[in-house]
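Chemist:
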Amino acid sequence: MAQVFLIEREVFHKKSGKHSMEIAVGLTRQTPAQASPQQVLQVNRGHWTIKNSCHYVIDWNFDEDRSRIRTGHEPENVTRLRRFAVGVLRLMGSVKTSIAEKMATTL
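Dropping the structure here:
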């Protein structure tokens, strides 16, 4: 371990409309000479960009976090189908149209 970092962030929860504050603490093997605070923050934000662009869309539209599918290969297979569906829906039409709107018009 070369650095410990703390990130404070304000979070807006779209479903509830509420704001909250979060504190994230992390460790990195990078020394301060290898990774400045700005670089550590950029890597952390990159992680959330991936999570928000992929996992959030699937959870919001398919309510995946509350899925009861938990045995065998089913969870992985259903997740792959959902990701495929999101990919197809993203290829359809305007990027301004939400995935939920596209799902409603195609079903």
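Count along the sequence shown from 1, add 1192, and you get the number used in our numbering.
Don't be surprised by glycine CBs; every beta carbon is placed ideally from N, CA and C.
Given the structure is predicted, the values throughout are model-derived calculations rather than measurements.
(1) Just verifying my parser: in three-state terms, what is the DSSP assignment at residue 1230?
(2) State the DSSP-derived secondary structure class of residue 1279, mapped to helix, strand or coil.
(3) On the DSSP bridge assignment, give the partners of residue 1211 in chain order.
(4) Whole angstroms is fine: what's the gap from residue 1273's alpha carbon to residue 1262's?
(5) Taking the C-alpha atoms as reference points, what is the distance between residue 1207 and residue 1250?
(6) Rounded to the nearest angstrom, how far is the Cβ of residue 1232 from that of residue 1220, given a contact under 8 Å?
(7) Need the endpoints of the alpha helix (DSSP H) that residue 1250 sits in, please.
Modeler: Walking through what the data contain:
(1) In the structure shown, residue 1230 sits in a helix (DSSP, three-state: H, G or I).
(2) helix
(3) 1204
(4) For residue 1273 and residue 1262, the distance between alpha carbons rounds to 15 Å.
(5) If you take the alpha carbons of residue 1207 and residue 1250, they lie about 15 Å apart.
(6) 6 Å
(7) 1249-1254
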